[in-house]
Amino acid sequence: MEKVGNHNSNSRKLFLSLALMLSISVASFAQGAAPVAAAATAAAPAASSGGDAVKGKELFNANCAACHKLDAKATGPALRGVASRREKAWIYKWVHNSSDLIKSGDAVAVKLFEENNKIPMTAFPQLSEGDIDNIIAYTSEPKATAPVVAALPGAKGDASQDGGISNNVILGALSLVMAILIVMLVLVNKVLRKVASANGINVAPKEPTLPIWKAFARNQFLVLVSAIFLLLTGAYLVYGFLMQVGVDQDYSPIQPIHFSHRIHAGSNGVNCNYCHSAARVSKNAGIPSLNVCMNCHKNIAEVSDTTATADYSKAYYDAEINKLYTAVGWDKTNQKYTGVTQPVKWVRIHNLQSFVYFNHSQHVTVAEVACQTCHGPVQTYEFQKQFSPLTMGWCINCHRKTDVKMEGNEYYTKIHEELSKKYGVDKLTAAQMGGLECGKCHY
Ligand code: HEC
Ligand code: HEC
Ligand code: HEC
Ligand code: HEC
Ligand code: HEC
Ligand code: HEC
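Numbers in this note's numbering are just positions in the sequence shown, counted from 1, shifted up by 1.
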């Protein structure tokens, strides 16, 4: 009985100390988190004098964000903290109708107008003073800076970084352990041998056997089979090598500006035709000129936080947009062109041989083939690449398989009647229309 009791109290001690350790670690983790949460809640009500910042944010995004940013100049000045430089009554008047205020000769308004290249601001008579208060509350919120967490003295900021031990460190540690294990094995082996010989046991010496390659050389059948095998693989590899000469499938060069189709055609849903408008009407799809980019990027100087990925930070993307500005000579602080441009030289990815004729409009408009059929899921590409092999076999295979769209095309209805009589089929493939004739593709 006593023994059992003893054992019990021992395990209880162990259990208690475990629980203690656990609670200490939890407490210290919570300590680390606490000041952060406190800081976050403290920041919110700081300066919202009267208005509702949440409603204000909605109003701002709906009405003002096209021209204003909180912390950077866009078409209009940065709006964070306007309430501290202008009186409320003045802001009401300005937002309700700024040109009236300018016409009335208000000195502040006139100066502001002139400083901003005389761009008139839209009038918002529909916004009530309460609405404007809400917007002001939103613009009065202090700038939320992410690194605050790290800067807090005593905060266990490293708790969050602990999770991110890089794979390299883990790999390094693992290989170290492996190395140690190997060394230990060798040592143990040595010691065992010593012990064995000290005890007079003979570790059996290896018996001389026929080397494996000699045994192999004596078996003529095996030699023949392996020779045939080697020849076949060799031929296969050489054939494979020759067939890929000049085929640049998956070619994906680094471009002068990192332009992500994932972000543009994917997350932001910009239609391919907006930038490659020529694809529908001509032979070439074309690459958009930088003016097309500036239709949007006059107002988009940075990406949103959610756009950044593990591989590419927001700072990286923003720097790429700045490259665009340098290229077109756009001064984003003063919102005007400087006139100094540096043309961007995009690296061409798709390159058919010059003796092949390929026409986009024929495929995109007439045949209604989707861009993705030939170019792959472009809307997911972080880097543009050559998806298809662009070999003759690739073109021909598709012409053999793909039916020609007949509906609503008189020219085709007539050809269809004649050709379907000729081939005795109901549907016509591109091949039967002449899509295999050498002259159609070769000049
Ligand atoms: C069409 C673009 C445009 C829109 C939309 C717009 N603004 Fe403006 N805003 C301007 C410009 C430009 C100026 C600078 C003065 C000028 O050139 O008219 C300005 C100036 C201001 C100023 C004065 C800033 C200062 O530093 O004194 C305030 C306040 C302001 N806007 C508030 C708003 C609010 C609030 C909204 C949304 C309800 C809004 N703006 C929507 C273009 C715009
Ligand atoms: C906002 C403009 C824009 C949109 C939208 C866009 N692209 Fe592009 N595209 C570009 C630019 C700029 C390049 C050249 C840089 C590069 O290769 O990444 C390009 C390159 C390409 C290329 C490679 C061209 C070459 O050099 O051979 C293909 C193919 C392509 N785009 C297809 C598409 C498809 C398909 C879509 C629609 C899903 C699309 N693009 C949407 C701007 C755009
Ligand atoms: C239809 C509007 C539109 C057009 C046209 C457009 N962009 Fe963008 N672009 C955006 C938007 C929106 C973002 C920000 C994405 C986000 O944060 O969600 C962006 C982000 C970017 C970025 C940062 C992300 C990345 O892709 O590396 C670069 C660089 C960029 N654009 C370059 C260009 C260039 C070069 C062109 C012209 C070939 C162009 N854009 C045309 C809307 C456009
Ligand atoms: C039937 C296959 C096919 C379809 C469909 C197709 N492309 Fe292409 N695309 C090609 C081939 C092949 C090339 C290479 C052309 C060359 O090198 O002359 C190419 C080249 C391009 C290029 C490089 C610039 C140029 O004009 O040569 C762009 C950009 C492009 N395609 C965009 C598009 C877009 C956008 C669509 C949809 C509207 C589309 N493509 C549909 C096969 C296709
Ligand atoms: C995804 C399928 C597809 C691929 C890949 C494709 N084509 Fe086509 N192509 C078609 C279809 C469908 C038509 C029939 C269009 C029509 O006239 O209605 C066609 C028509 C043509 C025509 C006109 C034929 C005629 O009878 O007038 C030429 C030329 C042509 N393709 C060249 C090419 C070349 C060159 C390539 C490879 C670089 C290629 N195509 C790749 C689907 C494809
Ligand atoms: C549907 C379009 C198409 C048709 C029809 C076509 N070709 Fe081609 N051909 C191509 C393309 C695309 C290439 C380029 C392949 C490459 O670069 O790998 C090519 C390449 C070639 C080459 C060069 C071989 C090489 O690998 O560089 C020869 C020779 C050739 N074709 C002969 C013919 C003959 C003969 C015919 C008629 C029986 C014919 N082609 C019909 C699209 C076509």
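Backbone N, C-alpha and C define an ideal beta-carbon position, used for all residues, glycine too.
Lys-299 vs Gln-336 beta-carbon contact at 9 Å: yes
Span of the alpha helix (DSSP H), counted from its first residue to its last, around Asn-323: 315-329
C-alpha distance - Glu-369 paired with Val-357, whole-angstrom precision: 21 Å
Given 8 Å, three or more beta-carbon pairs between the stretch 360-376 and the stretch 239-250: no
Proximity below 9 Å, CB of Arg-87 to CB of Val-109: yes
Proximity winner among Gln-387, Ala-320, Gly-173, Ile-288, relative to His-259 (alpha-carbon distances): Ala-320
Trp-214 burial status per 10 Å Cβ neighbour count (16 or more: buried): exposed
For Asp-404, the three-state DSSP class (helix, strand or coil): strand
Inside the stretch 167-213 only - alpha helix (DSSP H) runs reaching at least 4 residues: 168-199
Cβ shell of Pro-126 (< 6 Å), same chain only, five flanking positions each side left out: His-97
Buried or exposed by the 16-neighbour rule on C-beta atoms within 10 Å, applied to Ser-99: buried
Contact under 9 Å by Cβ, Gly-267 with Thr-381: yes
Environment of Ile-133 [buried if 16+ CB atoms lie within 10 Å]: buried
C-alpha gap between Val-304 and Lys-315, whole angstroms: 6 Å
Rounded straight-line distance, which links the Cα of Val-55 to that of Val-149: For Val-149, the predicted model reports a pLDDT of 43, less than 50, meaning its position is unreliable; a value from the coordinates is still stated below. Going from the Cα of Val-149 to the Cα of Val-55 covers about 22 Å.
Nearest candidate by alpha-carbon position, reference Asn-292, set Ala-138, Thr-327, Ser-261: Thr-327
From Asn-352, Val-348, Trp-331, Ile-350, residue whose alpha carbon lies closest to that of Thr-342: Trp-331
Selected residue, minimal CA-CA separation from Phe-359, among Tyr-413, Lys-58, Val-170, Ala-280: Ala-280
Simplified DSSP state of Thr-430, which is helix, strand or coil: strand
Candidates Ala-431, Tyr-413, Asn-117, of which the one nearest Asn-398 by Cα: Ala-431
Top-ranked residue by Cα proximity to Thr-140, from Phe-114, Ala-79, Pro-289, Val-192: Ala-79
Asn-210 to Ala-228 span [Cα, whole Å]: In the sequence on display, residue 210 carries Thr and not Asn. In a straight line, the C-alpha of Thr-210 is about 25 Å away from that of Ala-228.
Beta-carbon separation (whole angstroms), Pro-254 vs Ile-350, contact threshold 8 Å: 7 Å
Exposed unless 16 or more other CB atoms sit within 10 angstroms - verdict on Gly-287: exposed
Leu-391 and Gln-250 closer than 9 Å at C-beta: yes
DSSP state of Glu-338 mapped onto helix, strand, coil: Checking the sequence, you will find Tyr at residue 338 rather than Glu. Looking at Tyr-338 - three-state DSSP - the assignment turns out to be strand.
Terminal residues of the alpha helix (DSSP H) in which Gln-221 lies: 221-245
Range covered by the alpha helix (DSSP H) that runs through Ser-85: 83-86
Beta-carbon proximity of Leu-437 to Val-405, cut-off 9 Å: no
Cβ separation of Ile-92 and Ile-137, assumed to be a contact under 8 Å, to the nearest whole Å: 7 Å
Endpoints, the alpha helix (DSSP H) within which Leu-60 is located: 54-60
Sub-9 Å separation of Ala-60 and Leu-128 beta-carbons: The sequence given here has Leu at residue 60, not Ala. Contact flag set, yes.
Segment limits, alpha helix (DSSP H) that includes Ile-255: Taken as a continuous stretch (DSSP letters only), Ile-255 belongs to no alpha helix (DSSP H), as it is neither H nor E.
Inside the stretch 110-143 only - alpha helix (DSSP H) runs reaching at least 4 residues: 130-140
For Thr-76 and Cys-68, believed in contact at Cβ under 8 Å, the rounded distance: 4 Å
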